[in-house]
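*Asks:* Numbering (my numbering), first residue to last: 55 to 400. We put the CB at the ideal spot given by N, CA and C, even for glycine. Please see the structure below; I have some questions.
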Amino acid sequence: MTQVLDRWPELLKRSGLSHSDRGRLLANLARLMEGFTVEKSQRLRGYLGHPEMLEGYLWWYLPLNLLKLSGLLPGLPGPIPAQITDYGCGPWTLPLAAWLLYPDWRRAPLGWTLVEPQAAALRAGRKIFEVIAAADPHTEWKFTQIPERLGTAIRRKADLVVSSHALNEWSESEEAVARFLLRDAQPQARILVVEPGTRLAVRRLVQLRAHLIASEAWPLAPCPHSGNCPAPGRTSSDRFCHFPAPADLPAWMRDLARELGTEKQSNTLSYLYVQRGLPRPHPPSLARIISGEIPLNDGVGCYLCSREGLLVGGAGQAAWGDLVVYRKDQKVDPKTHCPRVTIHPR
Ligand SMILES: C[S@@+](CC[C@H](N)C(=O)[O-])C[C@H]1O[C@@H](n2cnc3c(N)ncnc32)[C@H](O)[C@@H]1O
């Protein structure tokens, strides 16, 4: 992944997808970035269908999302799938990430159904994929591209349904999204939805989680339980479940960020990974660390998510995002009002 991201500008040029001079690229990027910070209703509609916006996306959000996914995908459990549906695939971000991050998938006869309303994004993704995947001519993957929206009928039922940074853009209710994701999935399918690590995104993800659980699709990660989410970000004082993503941008991206004045932006993500068709799991006392270090009256600690709700443990034994074993200390932390626990790395 690192090697590909380091050579990204050259790959874009080889794919025939970069035309603008530096000044125009920076202006397009600034406009695109601004679009992501405003209310969905004010965003440029179908922005990836506009050549300048698409070029900006290829230069920034596509490599950034690949970097984010590189911190997540290798840690997710599950066998090599046979058929994947990717909703809102944009310029093939997830197929590219899977190809780069799972070398053992490359020679599996994998089928992808890519659902994306902007045909220009699909075309760009295919070109980039062809340039990158040329490094392994034995890649067996077959792609079906559908220039439609979530909800369109999918012929091949997937055993893995995915979506990255797209849920936020869909106008359907979380209940409808859950229904569509499950509708074209095989009975034991896994579903992975990745979103930015923002409070707004987490709120929607938590609603989606509740509807998926109601359909007996049980969390595999990050939640170590299938009870209510203790970090849903409903109010501004609520915690919201999110995780740091790799921060090591390639040098050319750091240059772009400096020129755009965005170098202080943090890189985080939230996600939900579930599977249906299994008996409801009854996990042992596992908890997921869902914060960095927080100040406590007697030192520093961290928040943990568990089936017993939000917990607080001492920092240092494990990192943000880790799954750990815990033991309750029979006392409540006076500052956070959460039960105190002792953490044991697994
Ligand atoms: C932020 S981009 C994410 C692209 C890619 N998955 C990634 O991670 O880089 C969101 C994508 O969702 C697509 N989209 C918007 N509305 C959609 C809908 N109703 N159904 C499917 N995709 C949609 C957009 O065209 C865009 O490509």
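Closest by CA to Pro107, which one among Arg85, Leu126 and Leu116?
*Replies:* One detail in the question is off: residue 107 reads as Met in this sequence, not Pro. Looking at the Cα atoms, Arg85 is the closest of the given residues.
*Asks:* If Leu221 and Arg244 are in contact, beta carbons under 8 Å, what's the gap, nearest whole angstrom?
*Replies:* Not quite, the Cβ-Cβ distance comes to about 16 Å (not below 8 Å), so this is no contact.
*Asks:* May I have the straight-line CA-CA distance separating Gln261 from Gly142, to the nearest angstrom?
*Replies:* Gln261 and Gly142: Cα-Cα distance of roughly 19 Å.
*Asks:* Who are Arg381's beta bridge partners in DSSP?
*Replies:* Thr396, per the DSSP bridge assignment.
*Asks:* How far does the alpha helix (DSSP H) with Leu123 in it extend, from its first residue to its last?
*Replies:* From DSSP, the alpha helix (DSSP H) with Leu123 extends over Tyr115 to Leu126.
*Asks:* For the structure I just gave you, are there three or more beta carbon pairs, one from the segment 133–151 and one from the segment 109–117, closer than 8 Å?
*Replies:* As far as the Cβ criterion goes, the segment 133–151 touches the segment 109–117, which means the pair count is three or higher.
*Asks:* Between the Cα of Ala341 and those of Leu154, Ala372 and Ile182, spot the shortest distance and give me the residue it belongs to.
*Replies:* Cα-wise, what sits closest to Ala341 is Ala372.
*Asks:* Phe294 bridges to which residues according to DSSP?
*Replies:* Answer is Pro286, bridged to Phe294.
*Asks:* Would you check whether ligand 1 has a heavy atom nearer than 7 Å to the C-beta of Ala175?
*Replies:* At least one heavy atom of ligand 1 is nearer than 7 Å to the Cβ of Ala175, so yes.
*Asks:* Could you check if Leu126 is buried or exposed, using at least 16 other CB atoms within 10 Å of its CB as the buried criterion?
*Replies:* Answer is buried; the Cβ neighbour count reaches 16.
*Asks:* Does the beta-carbon of Arg68, which I'm using as the reference point, lie nearer than 7 Å to any heavy atom of ligand 1?
*Replies:* Not under cutoff, so the answer is no.
*Asks:* Just to confirm before moving on: does the CB-CB distance between Ala268 and Ala239 stay below 8 Å?
*Replies:* Result no, Cβ atoms of Ala268 and Ala239 do not sit closer than 8 Å.
*Asks:* If contact is defined by three or more beta carbon pairs under 8 Å, each pair taking one atom from either stretch, is the segment 184–199 in contact with the segment 227–238?
*Replies:* With the cut-off at 8 Å, the segment 227–238 and the segment 184–199 do not touch.
*Asks:* Is it a yes or a no for the segment 306–324 touching the segment 361–376, going by three-plus beta-carbon pairs under 8 Å?
*Replies:* Output reads no: the segment 361–376 does not touch the segment 306–324.
*Asks:* Where are the beta strand (DSSP E) runs, 3 residues long or more, that stay fully inside the segment 290–362, in chain order?
*Replies:* If we require 3 residues or more, the beta strand (DSSP E) runs fully inside the segment 290–362 come out as 322–330, 340–343, 348–350 and 353–360.
*Asks:* At a cut-off of 7 Å, is Glu223 close to ligand 3 when judged by its beta-carbon and the heavy atoms of the ligand?
*Replies:* Among the ligands modelled here, namely ligand 1, ligand 3 does not occur.
*Asks:* Under 7 Å: does the beta carbon of Arg78 sit that close to some heavy atom of ligand 1?
*Replies:* No, ligand 1 has no heavy atom inside 7 Å of this Cβ.
*Asks:* Touch check for the segment 311–319 and the segment 331–351: three-plus C-beta pairs under 8 Å?
*Replies:* Touching, no, given that fewer than three Cβ pairs across the two stretches are closer than 8 Å.
*Asks:* Using 7 Å as the cut-off, classify the Cβ of Val215 as near or not near the heavy atoms of ligand 1, replying yes or no.
*Replies:* Result no, Cβ not under 7 Å from ligand 1.
*Asks:* Straight-line CA distance for Asp352 to Arg361?
*Replies:* Computed Cα separation, rounded: 25 Å.
*Asks:* Output yes or no for whether 8 Å exceeds the beta carbon distance between Leu66 and Leu112.
*Replies:* Yes; because the gap between Cβ atoms is below 8 Å, this pair is in contact.
*Asks:* Is it the case that the Cβ atoms of Trp374 and Phe297 are separated by a distance below 8 Å?
*Replies:* Yes, they are a contact pair.
*Asks:* Tell me the DSSP bridge mates of Pro250?
*Replies:* Leu323.
*Asks:* Which one of Thr139, Ala175, Ala255 and Gly179 has the shortest CA to CA distance from Gly205?
*Replies:* Nearest C-alpha to Gly205: Thr139.
*Asks:* Quick check on the DSSP output: the alpha helix (DSSP H) that includes Leu71 runs from which residue to which?
*Replies:* Unbroken run through Leu71: none, as it is neither H nor E.
*Asks:* Are three or more beta carbon pairs between the segment 56–73 and the segment 158–174 nearer than 8 Å?
*Replies:* Touching, no.
*Asks:* How would you label Ala279, buried or exposed, when you count the other beta carbons within 10 angstroms and need 16 or more for buried?
*Replies:* Note on identity: in this sequence residue 279 is His, with Ala being the wrong assignment. Answer is buried; the Cβ neighbour count reaches 16.
*Asks:* Going straight from the alpha carbon of Pro135 to that of Leu164, what length do you get?
*Replies:* Going by the C-alpha atoms only, they are around 7 Å apart.
*Asks:* Identify the continuous alpha helix (DSSP H) that holds Leu274 and give its terminal residues.
*Replies:* No alpha helix (DSSP H) contains Leu274, which is instead part of the beta strand (DSSP E) from Ala271 to Ala275.
*Asks:* Taking the straight line between their C-alpha atoms, what separation do you get for Asp292 and Gln329?
*Replies:* Those two C-alpha atoms are separated by around 27 Å.
*Asks:* Can you give the beta carbon distance from Leu358 to Lys389, rounded, assuming they're within the 8 Å contact cut?
*Replies:* Between Lys389 and Leu358 the Cβ distance is about 15 Å, and since that is not below 8 Å, they are no contact.
*Asks:* What residues match up with Arg244 in a beta bridge as DSSP calls it?
*Replies:* Answer is Leu214 and Gln329.
*Asks:* I need the straight-line Cα distance from Leu266 to Met55, nearest angstrom please.
*Replies:* Their backbone Cα atoms lie some 32 Å apart in a straight line.
*Asks:* Taking the alpha-carbon positions, what's the Leu80 to Phe90 distance?
*Replies:* About 15 Å.
*Asks:* Report buried or exposed for Arg394, applying the criterion of at least 16 other Cβ atoms within 10 angstroms of its Cβ.
*Replies:* By the 10 Å Cβ count, Arg394 comes out buried.
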